[in-house]
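As they're listed, the protein sequences go chains A and B.
Numbering of the first sequence is given in our numbering, commencing with residue 3 and proceeding in unit increments.
Numbering of the second sequence is given in our numbering, commencing with residue 68 and proceeding in unit increments.
Backbone N, C-alpha and C define an ideal beta-carbon position, used for all residues, glycine too.
Below: the structure, in structure tokens.
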Amino acid sequence: EADIYQTPRYLVIGTGKKITLECSQTMGHDKMYWYQQDPGMELHLIHYSYGVNSTEKGDLSSESTVSRIRTEHFPLTLESARPSHTSQYLCASREAGEGYGYTFGSGTRLTVV
Amino acid sequence: QKEVEQNSGPLSVPEGAIASLNCTYSDRGSQSFFWYRQYSGKSPELIMSIYSNGDKEDGRFTAQLNKASQYVSLLIRDSQPSDSATYLCAVKGTGNQFYFGTGTSLTVIP
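Structure below.
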């Protein structure tokens with residue numbers, strides 16, 4: 003079944019730790035995105051990619067990095083986690099062209115203590 | 068001015084009524100418009116997309132687009148308690164970036 007998967011679903015980690023949030027999709031989409039969303043707040047774009055070896059920063063790069071070595075895989079890394087990084091992280095992908103919206107993963111809820 | 072504006076609500080309607088959700092956008096060149104439903108603690112789910120002026124119907128949902136007024140709306144007919152969620156409006160701008168509104172919280176009262 004074509005889908006988009008995020009792991010872990012929940013993560014509690016100490017300040018200063020390096021973490022990687024995983025995102026994989028089986029739909030063959032070239033376009034992939036990472037968003038950050040706090041409860042009751044709008045989505046903020048962190049990074050996006052239009053294909054293999056292509057990555058761009060969004061409005062909220064948030065001291066994070068991404069890589070796109072394979073079409074299906076788009077991991078997000080925080081080099082040094084801080085309490086301000088506590089949030090929900092959503093990965094999404096979409097087909098190219100007008101009229102195609104995002105398919106979101108189930109999200110990773112990150113808490114930095 | 069935000070790229071996409073929505074009334075945050077909360078909007079409450081009785082079961083069986085029509086719920087009307089509204090969204091305005093600032094980029095006049097925008098071509099594609101989307102409505103997402105987000106249950107509490109869950110990720111957004113695409114329920115409607117529209118890119119031509121007029122109405123688009125899908126089951127109990129109708130999206131309406133008026134590009135001249137830079138206005139897009141979502142109507143939910145025969146509202147059910149399971150429709151209680153936050154509804155996000157998203158607009159694909161001329162720079163290919165998506166802009167999301169802050170969402171309208173809908174509660175359907177049994």
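Terminal residues of the beta strand (DSSP E) in which residue i lies
i	result
residue 144 of chain B	Careful: residue 144 of chain B lies outside any beta strand (DSSP E) and carries neither H nor E.
residue 26 of chain A	21-27
residue 71 of chain A	Where residue 71 of chain A is concerned, there is no enclosing beta strand (DSSP E), given that its DSSP letter is neither H nor E.
residue 62 of chain A	From DSSP, residue 62 of chain A is part of no beta strand (DSSP E); its letter is neither H nor E.
residue 81 of chain B	78-81
residue 111 of chain A	110-114
residue 105 of chain B	99-105
residue 158 of chain B	152-159
residue 172 of chain B	171-176
residue 79 of chain A	78-80
Identity of the residues DSSP links to residue i by a beta bridge
i	result
residue 132 of chain B	B/121 and B/139
residue 8 of chain A	A/25
residue 46 of chain A	A/38
residue 33 of chain A	A/96
residue 101 of chain A	Answer is none; residue 101 of chain A lacks a bridge partner.
residue 73 of chain B	B/90
residue 53 of chain A	A/56
residue 112 of chain B	B/104
residue 15 of chain A	A/114
Chain A residues whose Cβ lies nearer than 9 Å to that of residue i
i	result
residue 171 of chain B	What residue 171 of chain B touches in chain A: nothing, since even the nearest Cβ is about 12 Å away.
residue 118 of chain B	100 and 101
For residue j and residue i, believed in contact at Cβ under 8 Å, the rounded distance
i	j	result
residue 117 of chain A	residue 36 of chain A	Only positions 3 to 115 of chain A appear in the structure, and residue 117 of chain A is not among them; the question remains open.
residue 8 of chain A	residue 23 of chain A	7 Å
residue 156 of chain B	residue 73 of chain B	5 Å
residue 146 of chain B	residue 76 of chain B	Contact doesn't hold; Cβ gap of about 14 Å is too wide.
residue 141 of chain B	residue 85 of chain B	At roughly 11 Å, the Cβ-Cβ gap does not stay under 8 Å, so residue 141 of chain B and residue 85 of chain B are not in contact.
residue 93 of chain B	residue 68 of chain B	6 Å
residue 98 of chain A	residue 40 of chain A	Residue 98 of chain A to residue 40 of chain A, Cβ: 30 Å. No contact.
residue 28 of chain A	residue 113 of chain B	No, residue 28 of chain A and residue 113 of chain B are not in contact; Cβ-Cβ is about 17 Å, not under 8 Å.
residue 91 of chain B	residue 138 of chain B	5 Å
residue 101 of chain A	residue 116 of chain B	6 Å
residue 152 of chain B	residue 104 of chain B	5 Å
Neighbour list for residue i in chain B, Cβ cutoff strictly below 9 Å
i	result
residue 108 of chain A	109 and 110
residue 104 of chain A	101, 103, 111, 113, 157 and 165
Interface partners of residue i on chain A, CB under 7 Å
i	result
residue 98 of chain B	100
Residue i: contacting residues in chain A (beta-carbon distance under 8 Å)
i	result
residue 168 of chain B	44
Contacts of residue i in chain B (Cβ-Cβ under 7 Å)
i	result
residue 92 of chain A	110
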